[in-house]
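Numbering (our numbering), first residue to last: 108 to 200.
For reference, the structure is listed below as structure tokens.
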């Protein structure tokens, strides 16, 4: 299986609603590495690396709205070449 990385920006009501923590839990269950962090514009940036099928599942989960209290308006994503290899899925501040 091919390993891939994506970077995604999730827009909507996604800060202050447990979005990063839910994303971390979902990504960890899928066996992915990377991180989620809040951005100054109110979005959440997600970097996810792992098996292509699992990364796609996380992307689908993000597009479906993430945690129940969140309101996702749009998700933009693109392939990503991180400058380092991640050992787990973390939350950045």
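Each residue gets a CB set at the ideal place from its N, CA and C atoms; glycine is no exception.
Task: Residues bridged to residue 194 [DSSP beta-bridge criterion] - done: In the chain shown, counting from the first residue as 1, residue 194 sits at position 87. For residue 194, which the question treats as bridged, DSSP gives no partner whatsoever.
- [ ] Output yes or no for whether 9 angstroms exceeds the beta carbon distance between residue 169 and residue 117.
- [x] Here the question's residue 169 lines up with position 62 in the chain shown. Here the question's residue 117 lines up with position 10 in the chain shown. Closer than 9 angstroms, so yes.
TODO: Tell me, please, which residues DSSP counts as bridged to residue 187.
DONE: Your numbering for residue 187 matches position 80 in the chain shown. Per DSSP, none; premise fails for residue 187.
Task: Cβ shell of residue 121 (< 8 angstroms), same chain only, five flanking positions each side left out - done: For the purposes of this step, residue 121 is taken as the residue at position 14 of the chain shown. Same-chain partners within the cutoff: 149, 150, 151, 173, 177, 178 and 179.
Task: Residue burial classification, residue 141 (beta-carbon count within 10 angstroms, cutoff 16) - done: Taking the first residue of the chain shown as position 1, residue 141 is located at position 34. Result: buried.
Open item on the list: Short of 8 angstroms in beta carbon distance, which residues of its chain neighbour residue 131, apart from the five on each side in sequence? Order them along the chain.
Closed with: As a first step, residue 131 must be located in the chain shown, where it is residue number 24. Cβ within range, chain order: 143, 196, 197 and 198.
Open item on the list: Between the alpha carbons of residue 114 and residue 184, how many angstroms are there, rounded?
Closed with: Walking along the chain shown from the start, residue 114 turns up at place 7. Walking along the chain shown from the start, residue 184 turns up at place 77. When rounded, the distance between both Cα atoms is 6 angstroms.
- [ ] Could you please give the first and the last residue of the uninterrupted beta strand (DSSP E) stretch that includes residue 155?
- [x] The residue labelled residue 155 in the question sits at position 48 within the chain shown. It spans 151-158 - the beta strand (DSSP E) in which residue 155 sits, taken as one unbroken run.
- [ ] Figure out for me which residue from 119, 181, 153 and 182 has the closest Cα to the Cα of residue 112.
- [x] In the chain shown, the residue the question calls residue 112 occupies position 5. Comparing Cα-Cα distances from residue 112 to each of 119, 181, 153 and 182, the minimum goes to 153.
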